[in-house]
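Chemist: So that we are looking at the same thing, I have put the structure below in C-alpha cells.
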Amino acid sequence: DQLKKLLVYVKKRCDSEDAVRGWYDHRSGEQLFYKKMTLSQVHHWLIHPLSLRHQCSYVEAVAKKEHAQLPAWFVGHSWDEPMVNFVRRVMKHGTLGAG
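Just so you know, our numbering puts 146 at position 43 of the sequence shown, and the rest follows in order with no gaps.
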C-alpha cells in the first residue's frame, strides 16, 4: 500500500507526457519521466528529504503505527532500476505470499 502511494504521489506530479514536473536527474540535469525514473532518483527527490525532515527511515515516516512495520523479508534492488518495475515486482512478490 505504501509503495502504491509512492507511485500515485509521483504520478500526480506528472504532465500529460509523464514528465515529473520540477524533477530532474541530480547528476545529468535531464528531465525525469515516470516510467524511467530510477530508485536513485526517487531517493534523491523524495525518500532522502522525507527521512531528513522526520529524522527517521522512510518506512518509519510513512508507517501508520510505530511498530506495525516489522520486516517479513528482505528485498534487494539496483539503484538504477526504474521505480515502477521495482514496485511491480515487490507487489507481485507480496501477492504470491512469498516470504
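Beta carbons: idealized from backbone N, C-alpha and C, even for Gly.
Mapping the DSSP letters down to three states, classify residue 126 as helix, strand or coil.
Modeler: Strand, per DSSP.
Chemist: Kindly provide the ranges of any alpha helix (DSSP H) runs that are 4 or more residues long and lie completely inside the region 121 to 193, ordered along the chain.
Modeler: Correct list: 142 to 145, 151 to 157 and 161 to 165.
Chemist: Which word fits residue 90, buried or exposed, when buried means at least 16 other C-beta atoms lie within 10 angstroms of its C-beta?
Modeler: Within the shown structure, residues of the chain are numbered from 104 to 202, placing residue 90 beyond reach of any answer.
Chemist: How big is the Cα-Cα spacing for residue 113 and residue 191?
Modeler: Approximately 15 Å between the Cα atoms of the pair.
Chemist: Could you say which of 164, 165, 197 and 167 lies nearest to residue 178 if we only look at CA atoms?
Modeler: The shortest C-alpha separation from residue 178 is found at 197.
Chemist: Just checking my contact of residue 133 with residue 127 at CB under 8 Å: how many whole Å lie between their CB atoms?
Modeler: The pair is a contact, with the Cβ atoms about 6 Å apart (cut-off 8 Å).
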